[in-house]
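Report on one structure; see the data block that follows.
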Amino acid sequence: MSLSTTLETPQTGKYEQPTGLFINGEFTKGVEGKTFESINPSTEKPIVAVHEATEKDVDVAVSAARKAFEGEWRKVTPEQRSKYLFKLADLFDQNLDLLAAIESLDNGKAFAMAKVDIGMCAGCLRYYGGWADKITGKVIDTNSETFSYTRQEPIGVCGQIIPWNFPLLMWAWKIGPVVATGNTVVLKSAEQTPLGALYAAKLVKEAGFPPGVINVISGFGKTAGAAISAHMDIDKVAFTGSTVVGRQIMKAAAGSNLKKVTLELGGKSPNIVFDDANIEDAISWVNFGIYFNHGQCCCAGSRIYVQEGIYDKFIEAFKKRAAANKVGDPFASDTFQGPQVSQLQFDRIMGYIDAGRKEGAKVEIGGERQGDKGYFIQPTIFSNVSEDMKIMQEEIFGPVCSIAKFKTEEDAIRVGNSTTYGLAAAVHTQNLNTAIRVSNELRAGTVWVNAYNLLHHQLPFGGYKESGIGRELGEAALANYTQTKTVSIRLGGALFG
Ligand code: NAI
Ligand code: MG
2 MSLSTTLETP QTGKYEQPTG LFINGEFTKG VEGKTFESIN PSTEKPIVAV
52 HEATEKDVDV AVSAARKAFE GEWRKVTPEQ RSKYLFKLAD LFDQNLDLLA
102 AIESLDNGKA FAMAKVDIGM CAGCLRYYGG WADKITGKVI DTNSETFSYT
152 RQEPIGVCGQ IIPWNFPLLM WAWKIGPVVA TGNTVVLKSA EQTPLGALYA
202 AKLVKEAGFP PGVINVISGF GKTAGAAISA HMDIDKVAFT GSTVVGRQIM
252 KAAAGSNLKK VTLELGGKSP NIVFDDANIE DAISWVNFGI YFNHGQCCCA
302 GSRIYVQEGI YDKFIEAFKK RAAANKVGDP FASDTFQGPQ VSQLQFDRIM
352 GYIDAGRKEG AKVEIGGERQ GDKGYFIQPT IFSNVSEDMK IMQEEIFGPV
402 CSIAKFKTEE DAIRVGNSTT YGLAAAVHTQ NLNTAIRVSN ELRAGTVWVN
452 AYNLLHHQLP FGGYKESGIG RELGEAALAN YTQTKTVSIR LGGALFG
């Protein structure tokens, strides 16, 4: 099989899609010659086959990354690292429509939303380009006979495993900080969405990065992903995906070379609406909080708690709002919600809807497949839910939410914190004191007030509790990819005393 194929998108026409593994600055076939197909979730038909990385290819990619790390990349100045990232960011901007169209084709996300994703990718890469030459240590004064300082050094070869829900945004969130801090990387895309990552790899080459600094491979979790997390020559692994796999990655790291681990995992985020909220605004944000990206967001506001004074009014208006979300062809200009990414995800979500019904929750709207082709699911709202129900505790990762009533601020805080997750939360109120008090009490890495999903590359993002370890984005992400070295120089004086 060749290393690229001509494909076509309804928005951008024909383009050349790379299909090889991007290792040491070149697209190549896998050692074992395997391939797998990527599916278009809108049609359920294969788009194209890509080359598959197995354990052996992970070895080849890690060797390339190691060689680059020990060799040429070490000598590259921080200023030059900035320039590479700026160039890559510019290339994302220049190819914005095409990259967005590839995302819509491979993942099913609405094209208008995908364009926002790509703009955010460019912003993120540029932001970390800005950090590359601002990574500094400290001089620490202990006594007059010693001169001590710290350096923030790169960790080495990093493995990065990303999911399919924001294929290119997760690519950019990972690549920006790893490269800014002087590491090299082997990144594995999700098997459902390999295409954008490969096109971005082509842009890496165009940006002029030295070979081996950024390696991008397509492959499955159980083979290529597992090989990354257990690899003896990978110094750090960063993962975004399910909590189940996050645990496996930590175990593999512990059982191999104790590589450093950061995890960005699932969530079951509460969206809390007080009686005094601006109800129309709150409904818009609650709708966006759960249905954006078809509910396939780690921070999706899937548990909606509304104070009893406005509950009846809220639920009627919210049902109308959610039912009006346009579900359909991701390339249609008015589409808000495309298909779920895969048959497996579709089945999982329908399984949760079933579980909700069986446990006695009431379907207020939706609850069914939409159409007969593609993995489309109607926006779904459950009421009559209790905290112990499966649909209130487990991440559904689809266009499905539950709505419940609360009485007091204490109740809202208690139910808000009542899962094992702690990724995000939101509070809707016009009272500043309520907003701050409740935000302080919620055990979540991000709290939005009178808003939802306001992610920005300057703001740290990550989980409390079982939602993860470490923070991505912002200055905080630099800590994932640097280690502190202390250097102490003895200036003179007696050995002791
Ligand atoms: P997953 O956690 O299996 O997949 C995410 C990534 O991990 C993919 O690149 C996959 O190839 C890789 N992977 C899978 N098994 C691995 C292993 N043993 N070792 C190393 N890497 C491995 O998630 P999946 O099955 O695609 O989705 C299942 C659920 O996970 C979703 O329903 C959702 O609840 C959650 N999820 C959360 C995401 C987030 O953004 N936090 C993103 C994707 C899924
Ligand atoms: Mg696909």
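Per my numbering, the very first residue in the sequence shown carries number 2; after that it's consecutive.
No residue lacks a Cβ here, since even glycine has one placed at the ideal position from N, Cα and C.
With distances taken between CB atoms, is the gap from residue i to residue j smaller than 9 Å?
{"i": "S303", "j": "C402", "result": "yes"}
{"i": "I291", "j": "Q341", "result": "no"}
{"i": "S343", "j": "I156", "result": "no"}
{"i": "I141", "j": "S149", "result": "yes"}
{"i": "N272", "j": "A436", "result": "no"}
{"i": "N481", "j": "K223", "result": "no"}
{"i": "F332", "j": "T7", "result": "no"}
{"i": "A254", "j": "S230", "result": "yes"}
{"i": "G417", "j": "N385", "result": "no"}
{"i": "P42", "j": "G183", "result": "no"}
{"i": "D348", "j": "I311", "result": "no"}
{"i": "Q153", "j": "L474", "result": "no"}
{"i": "A323", "j": "I382", "result": "yes"}
{"i": "A54", "j": "N25", "result": "no"}
Since residue i contacts residue j with CB under 8 Å, what's their CB separation in whole angstroms?
{"i": "A66", "j": "G242", "result": "Actually they do not touch by this definition, with Cβ atoms about 21 Å apart."}
{"i": "A301", "j": "G268", "result": "7 Å"}
{"i": "G120", "j": "L97", "result": "7 Å"}
{"i": "F23", "j": "A133", "result": "No, F23 and A133 are not in contact; Cβ-Cβ is about 22 Å, not under 8 Å."}
{"i": "K486", "j": "T137", "result": "Their Cβ separation, rounded to whole angstroms, is 13 Å, which puts K486 and T137 out of contact at 8 Å."}
{"i": "I397", "j": "I366", "result": "I397 to I366, Cβ: 15 Å. No contact."}
{"i": "A208", "j": "Y306", "result": "Contact flag wrong, Cβ pair sits at about 46 Å."}
{"i": "Q18", "j": "S5", "result": "6 Å"}
Residue range of the beta strand (DSSP E) that residue i falls in?
{"i": "P47", "result": "46-52"}
{"i": "G160", "result": "158-162"}
{"i": "Q95", "result": "Taken as a continuous stretch (DSSP letters only), Q95 belongs to no beta strand (DSSP E), being part of the alpha helix (DSSP H) at 79-95."}
{"i": "K261", "result": "261-265"}
{"i": "V342", "result": "Looking at the DSSP string, V342 is not in any beta strand (DSSP E), and its letter there is neither H nor E."}
{"i": "Q484", "result": "483-491"}
{"i": "A405", "result": "401-407"}
{"i": "N41", "result": "36-41"}
{"i": "I305", "result": "304-308"}
{"i": "T447", "result": "447-450"}
Can you check DSSP and say which residues form a bridge with residue i?
{"i": "R370", "result": "I378"}
{"i": "T6", "result": "Q18"}
{"i": "V187", "result": "G160, N216"}
{"i": "G469", "result": "E265"}
{"i": "G423", "result": "Y465"}
{"i": "W286", "result": "In the DSSP output, where bridge partners are listed per residue, W286 has none listed."}
{"i": "S384", "result": "K363"}
{"i": "N272", "result": "I305, A427"}
Does the ligand NAI have a heavy atom nearer than 8 Å to the CB of residue i?
{"i": "F398", "result": "yes"}
{"i": "A115", "result": "no"}
{"i": "G352", "result": "no"}
{"i": "F221", "result": "yes"}
{"i": "A470", "result": "Residue identity differs from the one stated: residue 470 is Ile in this sequence, not Ala. Result no, Cβ not under 8 Å from the ligand NAI."}
{"i": "Q402", "result": "Before going on, a small fix: residue 402 reads as Cys here, not Gln. Result no, Cβ not under 8 Å from the ligand NAI."}
{"i": "T241", "result": "yes"}
{"i": "R349", "result": "yes"}
{"i": "A191", "result": "yes"}
{"i": "A356", "result": "no"}
{"i": "A333", "result": "no"}
{"i": "L170", "result": "no"}
{"i": "C299", "result": "yes"}
{"i": "Q431", "result": "no"}
{"i": "L266", "result": "yes"}
{"i": "A413", "result": "no"}
{"i": "V246", "result": "yes"}
{"i": "A253", "result": "yes"}
{"i": "A227", "result": "yes"}
{"i": "L456", "result": "no"}
Less than 8 Å separating the Cβ of residue i from some heavy atom of the ligand GDP?
{"i": "D107", "result": "Only the ligand NAI and the ligand MG can be found as ligands here, which leaves the ligand GDP out of the picture."}
Is residue i near the ligand MG, going by C-beta to nearest heavy atom under 8 Å?
{"i": "I40", "result": "yes"}
{"i": "V342", "result": "yes"}
{"i": "T194", "result": "yes"}
{"i": "W165", "result": "yes"}
{"i": "I48", "result": "yes"}
Closest Cβ-Cβ distance between residue i and chain D: below 9 Å?
{"i": "L100", "result": "Checking the listed chains, one finds no chain D in this structure; it contains a single protein chain."}
For the alpha helix (DSSP H) holding residue i, just list the boundary residues, first then last.
{"i": "A413", "result": "410-417"}
{"i": "P168", "result": "168-181"}
{"i": "E154", "result": "That residue, E154, is in no alpha helix (DSSP H); its beta strand (DSSP E) goes 147-155."}
{"i": "F112", "result": "112-132"}
{"i": "V328", "result": "No alpha helix (DSSP H) contains V328, which DSSP labels as neither H nor E."}
{"i": "A239", "result": "Element bounds for A239: not the alpha helix (DSSP H) but the beta strand (DSSP E), 237-241."}
{"i": "I250", "result": "244-256"}
{"i": "F70", "result": "56-71"}
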